[in-house]
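Numbering (the numbering used here), first residue to last: 13 to 360.
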Ligand SMILES: C[S@@+](CC[C@H](N)C(=O)[O-])C[C@H]1O[C@@H](n2cnc3c(N)ncnc32)[C@H](O)[C@@H]1O
């Protein structure tokens, strides 16, 4: 049964409803859903990510990671990518890290993904480097006591969120289904759950809140692991760290914005990552915040402009223009420059 039919069946009873995060989770992560069995990334699919735009993105991150390893670890370690997509970021990081021939030798690589089509592509990348013992896991669960370097790009925006807004009371978004019209719709319920009411107190002055329990739980587990075994987390995503003025939930199909109830189970659903929550979680786990900035600021500070100029040397005019354009997409405020943020936290 496809995802739409499963959800309709679940909601057929007149009085039944589903919290919006549960609806999203079924569309994205459960059986036959969006993230389980097809490649969504690329010009011919739904969206393009920073590593797919240019090698410069992965190279800058690779240099940061290599430098961290050289200065803070220098021995056996876990290299963990969350949601590696087509494996392009991994490829660029491994290629750059060859500057030092000890990095790959010392890395125990674990890739966290559950998309069978994307895992096939990741395997091709791994094979091209002739690396043995790479592990794939569906979830982050690591028993290893080695220090770890964990990184991700556009991973945390994939998790389901609960949506709240305030009128007289806090209200939460739910989904229902009309069998006769074969249509899903949104409606609100007053929040009564004590724990969530307490959580919402900090959003009182903004009147809007999006909370992702799963996203925060995963980040908390990572931070706990890093605090215990040492290392660093570098995560890039589109997000905010202060006020959310409007709901940020967004659905995309074939590069076009759509509605949540179109293409159910076949389209991307994302939301902005609340980086202030991530920073709080990191600090609660005794980690230090090494960097929080826009993607533009991070890439510029760590040398993307220099790399761009070196890539342009001896290239045709056409190729030079392509490289300039890639740089623009990664760093300009009109594209990814400001909406994407970089957070780096590490053990003390
Ligand atoms: C938006 S893509 C980003 C891919 C890649 N990092 C990039 O920048 O091109 C999200 C990635 O996370 C994976 N993913 C999404 N939800 C996941 C989940 N619940 N568990 C494991 N992996 C997940 C997807 O399969 C995909 O590889």
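We treat Cβ as the ideally placed atom computed from N, Cα and C, and that holds for glycine.
Note that the C-beta distance between residue 48 and residue 170 is not below 8 Å. According to the DSSP assignment, residue 164 belongs to the beta strand (DSSP E) that extends over 160-165. For residue 79, the enclosing alpha helix (DSSP H) covers residues 67-80. In the structure shown, residue 250 adopts extended strand secondary structure according to DSSP, grouped into three states.
For residue 141, the CB contacts under 6 Å within the same chain, skipping 5 residues up- and downstream, are 106 in chain order. For residue 280, the enclosing beta strand (DSSP E) stretches over residues 280-282. When the Cα atoms are used, residue 316 and residue 63 turn out to be separated by approximately 13 Å.
Unbroken alpha helix (DSSP H) stretches of 4 residues or longer found wholly inside the region 100-137: 100-109, 113-118, given in chain order.
Residue 157 sits exposed, since fewer than 16 C-beta atoms from the chains shown fall within 10 Å of its C-beta.
Within the same chain, and ignoring the five residues on either side of residue 338 in sequence, the residues whose Cβ sits closer than 6 Å to its Cβ are 65, 66. Secondary structure within the region 188-242: the beta strand (DSSP E) runs of 3 or more consecutive residues, fully enclosed, are 195-202, 220-223 (chain order). Relative to ligand 1, residue 74 has its C-beta separated by 7 Å or more from all heavy atoms. Boundaries for residue 60: no alpha helix (DSSP H) harbours it, and the DSSP string shows neither H nor E there. Pairwise C-beta distances place the region 75-82 out of contact with the region 97-104, as fewer than three of them are shorter than 8 Å. Under the three-state reduction of DSSP output, residue 47 falls in the helix class. With a cut-off of 8 Å on Cβ pairs, the region 122-142 is not in contact with the region 212-223, counting fewer than three such pairs. Inclusion of residue 126 in the 7 Å shell around ligand 1 follows from its C-beta lying nearer than that to a non-hydrogen atom of the ligand.
Between residue 201 and residue 191, the CB-CB gap reaches or exceeds 8 Å.
A Cβ-Cβ contact shorter than 8 Å links residue 311 with residue 342.
Distances from the CB of residue 44 to the heavy atoms of ligand 1 are all 7 Å or more. Straight-line spacing of the CA atoms in residue 273 and residue 41 works out to 16 Å. Rounded to whole angstroms, the Cβ separation of residue 234 and residue 245 is 6 Å, and the two are in contact under 8 Å. A distance of 8 Å or more separates the beta carbons of residue 251 and residue 15. In this structure, residue 247 sits away from residue 176, with a CB-CB distance that is not shorter than 8 Å.
Residue 353 and residue 90 have their C-alpha atoms spaced approximately 24 Å apart.
Residue state for residue 90 is assigned as strand, using DSSP reduced to three classes.
For residue 133, the closest of 327, 236, 52 by C-alpha to C-alpha distance is 52. Remark: the shortest separation between the CB of residue 98 and any heavy atom of ligand 1 falls under 7 Å.
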